[in-house]
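Enquirer: Residue 313 is where the sequence shown starts when you use the numbering used here, and the numbers rise one by one after that. The C-beta atom is built at its ideal place from N, Cα and C for all residues, glycine as well. Note that the coordinates shown come from a computational prediction; the quantities given were computed from them, not determined experimentally.
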Amino acid sequence: MKSLRHISRLPSAIHVTADDILEFHAARLLLLILLCGRKHSKTSQPQIDGLTKMAKLDFFVRYPEFFERIAAHMRKLKVSGPNIESSMVRHHYGPWDKRYYHVLAYLESKELISVEKAQNTYLLHLTSRGSAIAEDLKQRSPFRPIVEQMQAVKKLLGNKTGSSLKELIYKVFREEVADRQLGEVIS
């Protein structure tokens with residue numbers, strides 16, 4: 313994964329996609345915390361309670377067809393969206409992106425998020441600066457499809473815990489996720 317600052321250093325023959333760009337993933341996670349998180353009681357800044365919940369909500373944002381199937385399974389709503397945005401792999405606790413730790417560290421180093429440990433859970437908070445940037449991204453037209461997808465995901469799944477989302481994914485997507493080997497790409 314490369315930062316936008318370093319893309320110009322690559323040879324022109326190298327193929328680069330949005331999936332290869334650090335800031336693309338960082339922007340998505342900022343929006344995810346803003347739109348799918350809840351307000352922190354003390355700071356009133358958005359937060360997501362736990363890495364598992366973050367990853368599972370992100371899974372349904374990045375895989376709209378899987379979200380449509382969960383929505384149908386739960387008989388709540390139907391959303392149509394684009395195909396897979398970027399791939400994730402089967403991890404110990406379901407869908408995961410090996411870049412999360414890298415991107416979260418980047419966001420924390422830029423003081424866009426803060427991470428707090430509460431017992432066994434990492435709480436991911438937007439800072440006031442991170443909130444301002446996420447609010448700006450939310451208004452930009454290139455982000456409109458992903459914002460709409462996140463709003464639908466929040467509406468249907470936002471009140472669930474990370475563990476309950478993981479169990480739901482394993483139950484509904486046994487063949488596509490649960491039966492895959494660890495590290496295998498989910499398609």
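Is the beta carbon of Ile345 less than 8 angstroms from the beta carbon of Leu438?
Expert: yes
Enquirer: Tell me whether Glu487 is buried or exposed, calling it buried when 16 or more other Cβ atoms sit within 10 Å of its Cβ.
Expert: exposed
Enquirer: With a threshold of 16 other CB atoms inside 10 Å of the CB of Gln461, please say whether the residue is buried or exposed.
Expert: By the C-beta density criterion, Gln461 is buried, having at least 16 other C-beta atoms within 10 angstroms.
Enquirer: What is the C-beta distance between Lys365 and Gly474, in whole angstroms, given that I count them as a contact (C-beta under 8 angstroms)?
Expert: 3 angstroms
Enquirer: Is Gln451 buried or exposed, if buried means 16 or more other CB atoms sit within 10 Å of its CB?
Expert: exposed
Enquirer: Using the C-alpha atoms, what's the distance from Tyr413 back to Thr433?
Expert: Distance between the alpha carbons of Thr433 and Tyr413: 15 angstroms.
Enquirer: Please classify Tyr482: does DSSP put it in a helix, a strand, or coil?
Expert: helix
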